[in-house]
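K.L.:
Structure in C-alpha cells, see below.
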Amino acid sequence: MGFGRTHDIGEVSSEMIGLKVVLGGWIEDLRKLGKMTFLTMRDSTGITQVIVKGEQNDKIEGLNRQSVLRIKGTVQETKAKDFDFEVGAEEIEVLAKAIHPLPIDPLGRLESNIDNRLNSRALDMRNQKTASIFKLRHHVLSSIRKTLIEKKFIEINTPKIIGSASEGGANLFSLDYFGKTAYLAQSPQLYKEQMTIGLERVFEIASFYRAEKSHTGRHLSEFTSVDIEAAFMDYTDVMGVLESLIMEVFKFTSTNCKDEQKSIGNEIKVPSSPFEQLTYGKVLDELNAADQKLEFGDDLLDSHLRIVGEKHPGFYFITDWPLKLKPFYIREKDDDASLSRSFDLQYGYLELSSGGTRLHDSKLLKSRLKEQGLDPSQFVDHLRAFDWGMPPHAGWGLGLDRLMTTLVGVDNIREVVLYPRDPDRLTP
Ligand code: AMO
950 MGFGRTHDIG EVSSEMIGLK VVLGGWIEDL RKLGKMTFLT MRDSTGITQV
1000 IVKGEQNDKI EGLNRQSVLR IKGTVQETKA KDFDFEVGAE EIEVLAKAIH
1050 PLPIDPLGRL ESNIDNRLNS RALDMRNQKT ASIFKLRHHV LSSIRKTLIE
1100 KKFIEINTPK IIGSASEGGA NLFSLDYFGK TAYLAQSPQL YKEQMTIGLE
1150 RVFEIASFYR AEKSHTGRHL SEFTSVDIEA AFMDYTDVMG VLESLIMEVF
1200 KFTSTNCKDE QKSIGNEIKV PSSPFEQLTY GKVLDELNAA DQKLEFGDDL
1250 LDSHLRIVGE KHPGFYFITD WPLKLKPFYI REKDDDASLS RSFDLQYGYL
1300 ELSSGGTRLH DSKLLKSRLK EQGLDPSQFV DHLRAFDWGM PPHAGWGLGL
1350 DRLMTTLVGV DNIREVVLYP RDPDRLTP
C-alpha cells in the first residue's frame, strides 16, 4: 500500500485549497500558541505551514526541530504573509525524533565553520544553501553528459585499482592487492587513450586519487574528473569541445536553476565566448613585464598564476607549453619540438583542466618515457596497444569539483564535495 504520500510539498499550491493531501517532511520551526501549534515543515522540494489543533497537538508535544512527520490534512487559506496556503493537520504520525541541541544549526542562523559542517554533513544538507550546491552539481553533471553524448562521445568506466601508474610515479596511493602492490588510479589516461581504438570518442566521469600533501582550497586526495579522449582530433579540436561544454553548463544552470542561485546567493553569469587563448610564451612575457624573471621552461607556480589571473579573471586557455613540462604522452609541435600541443583551461588563477594531442607512435612514446625517467617495461600493456592501429587522438581532464567552485562562487573546494578527502580528513 506504500507510504501514501500524495504530493511533494513543492507541488502543493493555493489552487488546491479544499483538497486532502498526505505529506512527509522535517519540522523546520514550531511555535505553540495555547492549544494550537504553527509548524513549518520542509521536504526537499519546498516548505509549508501546518496548523495543528486538538488531540493532534498532543502527538507533537516535546518534539524538536528536524523531527520527521507524516501529515494528512487539508489545504486551506492562510493569514501568514510568507505563505500562499497552509495545511490543516488531521492526522499526524511522528516518524523520527531529532535530538536537541543538534551538532550544527541546519537553518544556518547560527553559522558553523566548514569543519563542523563536514563532520555533520547529512544535517548540513538540510541547510538550503548546502542542498542547493549539490542540486546544482547534479544539474552540471547531467548537462555535461548531455553535451558529450550529443557530440557522440560514449561513456566508459575504467578501473580504479591499477597495477602501474597512469601519470608517472608521484602522488600515488598504494594498497595491498592479494600480496601484490596495486595503486589507486590518478586518472583514466592510459585506458581512455586505448579506447579510441574501436570506440573513437569516449568520456568518463569518476573519482580519482592523488596522494598530494597539499593543504589548499583546490586540492583533494579524492577528486572527480571529467575526462574525454577522441580519435582524429587535435588539441585545438578538444579545446573546442571543452569550451562548448563549459558554455552549456553555465547556460543551462543560469536558466534552469533560479531557486538554487537564490539559495546560494550567487547569480550564475554565462561567460563570453570565445575564451581568450594565450600561449605559454605570451604568459611568460606578461609575467616578466611584472618583474617575475622567468625563463622559457620554467613552470608557472601558484604565485605566478595569481598575477596572470588578476589580468585575466574569467576563463582563458594557456596553450603551447614547453614539452618538458608536460606528461610523457603529450605530442610535440611540428614547427618547434621544444613546444607541445597542449593547453590548460584557467579560471583566473585556478587551473580547471589540462589536455593535449597525444603521441600515437609506440617508438616515440617509449623514448619519451625514458626521457622522463620512467621505465617502459612498466607500461608494456599500454605500449602493445599502440601497435594495433592506434589513431591520432587528443583529450583532456577537467576537475569537476574545481569547476563547481567557479559556478557556486566559493574558494574552498570542500564546499562542493559531499565528504571531502584531504591529508587531515578521512572520516566521516
Ligand atoms: P591533470 O593532472 O592536470 O591532468 O588533472 C586534470 C584536472 O584535474 C583536476 N585535479 C584536481 N582537482 C582537485 N584535487 C586534486 N588533487 C586534483 N588534481 C587534478 C584539475 C586538473 O586541471 N591525464 C591528464 C588530463 C589529460 O591530459 O587528459 C591529467 O590528469 O582541475
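Be aware that the sequence shown starts at 950, since it is given in the working numbering, and climbs by one per residue. We treat Cβ as the ideally placed atom computed from N, Cα and C, and that holds for glycine.
Which ranges would you report for the beta strand (DSSP E) in the segment 998–1041 if only whole runs of at least 3 residues count?
P.N.:
Complete beta strand (DSSP E) runs here, min 3: 1017–1025.
K.L.:
At what residue ranges does the segment 1255–1286 contain a whole run of the beta strand (DSSP E), taking only runs of 3 or more?
P.N.:
Whole beta strand (DSSP E) segments, 3+ residues: 1264–1268.
K.L.:
Run the CB neighbour count on ASP1248, radius 10 Å, all protein chains shown included, and call it buried at 16 or more, exposed below.
P.N.:
With fewer than 16 Cβ atoms within 10 Å of its Cβ, ASP1248 is classed as exposed.
K.L.:
Do ALA1286 and TYR1184 have their C-beta atoms closer together than 8 Å?
P.N.:
In this structure, TYR1184 does not lie closer than 8 Å to ALA1286 by Cβ.
K.L.:
If you drop the 5 nearest sequence neighbours on each side, which residues of the same chain put their C-beta closer than 8 Å to that of GLN1135?
P.N.:
Cβ neighbours of GLN1135 beyond the five flanking positions: ALA1114, SER1115, GLU1116, ASN1120, LEU1121, PHE1157, TYR1158 and ARG1159.
K.L.:
Where does VAL1232 sit, in a helix, a strand or coil, going by DSSP?
P.N.:
It is helical.
K.L.:
Check for me: the alpha helix (DSSP H) holding PHE1224 runs from which residue to which?
P.N.:
That residue, PHE1224, is in no alpha helix (DSSP H); it is neither H nor E in DSSP.
K.L.:
Please report the distance separating the alpha-carbon of GLY1341 from that of MET1182.
P.N.:
In the sequence under discussion, the amino acid at residue 1341 is Pro, which differs from the Gly named in the question. Distance between the alpha carbons of PRO1341 and MET1182 is about 7 Å.
K.L.:
State whether the segment 1009–1022 contacts the segment 1045–1055, with contact taken as three or more CB pairs (one from each stretch) at a distance under 8 Å.
P.N.:
Yes, since at least three Cβ pairs between the segment 1009–1022 and the segment 1045–1055 fall closer than 8 Å, the two stretches touch.
K.L.:
Quick one: is the Cβ of GLY933 within less than 7 Å of any heavy atom of the ligand AMO?
P.N.:
Beyond the ends of the chain as shown, which are 950 and 1377, falls residue 933; an answer cannot be given.
K.L.:
Drop a sphere of 10 angstroms on the beta-carbon of THR1268, count the other beta-carbons inside from all chains shown, and report buried for 16 or more, exposed for fewer.
P.N.:
Buried, because 16 or more other Cβ atoms sit within 10 Å of the Cβ of THR1268.
K.L.:
In the DSSP assignment, the beta strand (DSSP E) including GLU977 goes from what residue to what residue?
P.N.:
Residues 969–982.
K.L.:
Taking only the alpha-carbon atoms, compute the straight-line gap between THR1204 and GLY1037 and give it to the nearest angstrom.
P.N.:
Spanning the two alpha carbons is a distance of roughly 35 Å.
K.L.:
Would you check if the distance between the CB atom of ASP1371 and the CB atom of LEU1169 is smaller than 8 Å?
P.N.:
Cβ atoms of ASP1371 and LEU1169: closer than 8 Å.
K.L.:
From ALA1179 to ILE1103, what does the alpha carbon distance come to, in whole angstroms?
P.N.:
One C-alpha to the other measures close to 10 Å.
K.L.:
Taking buried to mean at least 16 other C-beta atoms within 10 Å of its own C-beta, is ILE1053 buried or exposed?
P.N.:
Flag for ILE1053 reads buried.
K.L.:
Indicate whether LEU1059 and ASN1076 have their beta-carbon atoms separated by less than 8 Å.
P.N.:
No.
K.L.:
Can you list, in chain order, the residues of its chain whose CB lies under 6 Å from that of THR955, leaving out five sequence neighbours each side?
P.N.:
Hits under 6 Å: VAL970 and VAL971.
K.L.:
Excluding five sequence neighbours on each side, which residues of the same chain lie with their C-beta closer than 7 Å to the C-beta of ARG1086?
P.N.:
Cβ neighbours of ARG1086 beyond the five flanking positions: MET1353 and VAL1365.
K.L.:
Express the C-alpha separation of SER1212 and GLY1112 in angstroms, rounding to a whole number.
P.N.:
Each residue's alpha carbon lies about 44 Å from the other.
K.L.:
From the DSSP output, in three-state form, read off ALA1071 for me.
P.N.:
Helix.
K.L.:
Taking the alpha-carbon positions, what's the ILE958 to GLU1099 distance?
P.N.:
Rounded to whole angstroms, ILE958 to GLU1099 spans 34 Å at the Cα level.
K.L.:
Which one of MET1074, THR989, PRO1325 and VAL1232 has the shortest CA to CA distance from LEU1379?
P.N.:
As displayed, the chain neither begins before 950 nor continues past 1377, which places residue 1379 out of reach and without an answer.
K.L.:
Could you tell me the boundaries of the alpha helix (DSSP H) in which GLU1209 lies?
P.N.:
Where GLU1209 is concerned, the enclosing alpha helix (DSSP H) stretches over 1207–1213.
K.L.:
Quick check: what's the CA-CA separation for ILE1279 versus VAL1175?
P.N.:
Between ILE1279 and VAL1175, the C-alpha separation is close to 18 Å.
K.L.:
Cβ of GLN1138 versus every heavy atom of the ligand AMO: is any distance shorter than 7 Å?
P.N.:
Checking the Cβ of GLN1138 against the ligand AMO gives yes.
K.L.:
Measure the Cβ-Cβ separation of GLU977 and MET990 and say whether it is below 8 Å.
P.N.:
A contact, by the Cβ cut-off of 8 Å.
K.L.:
Hey, is ASP1208 close to the ligand AMO, as in C-beta under 7 Å from one of its heavy atoms?
P.N.:
Not under cutoff, so the answer is no.
K.L.:
Counting only beta-carbon atoms, is SER962 nearer than 8 Å to chain D?
P.N.:
Among the chains in the structure shown there is no chain D, since it carries only a single protein chain.
K.L.:
Let's test the definition: count the other Cβ atoms within 10 Å of the Cβ of TRP1337 and tell me whether it reaches 16, buried, or not, exposed.
P.N.:
With fewer than 16 other Cβ atoms within 10 Å, it is exposed.
K.L.:
Measuring from the CB of ASP1350, is there a heavy atom of the ligand AMO at a distance below 7 Å?
P.N.:
At least one heavy atom of the ligand AMO is nearer than 7 Å to the Cβ of ASP1350, so yes.
K.L.:
What is the DSSP secondary structure of TYR1298, reduced to helix, strand or coil?
P.N.:
In this structure, TYR1298 counts as coil in the three-state DSSP scheme.
K.L.:
Can you tell me where the beta strand (DSSP E) with MET990 in it begins and where it stops?
P.N.:
From DSSP, the beta strand (DSSP E) with MET990 extends over 985–992.
K.L.:
Contact check, PHE1264 vs TYR1296 under 8 Å by CB: the rounded distance?
P.N.:
About 6 Å separates the two Cβ atoms, so the contact holds.
K.L.:
Is GLN1321 buried or exposed, if buried means 16 or more other CB atoms sit within 10 Å of its CB?
P.N.:
Exposed.
K.L.:
So, helix, strand or coil for ILE1195, using DSSP?
P.N.:
Three-state result, ILE1195: helix.
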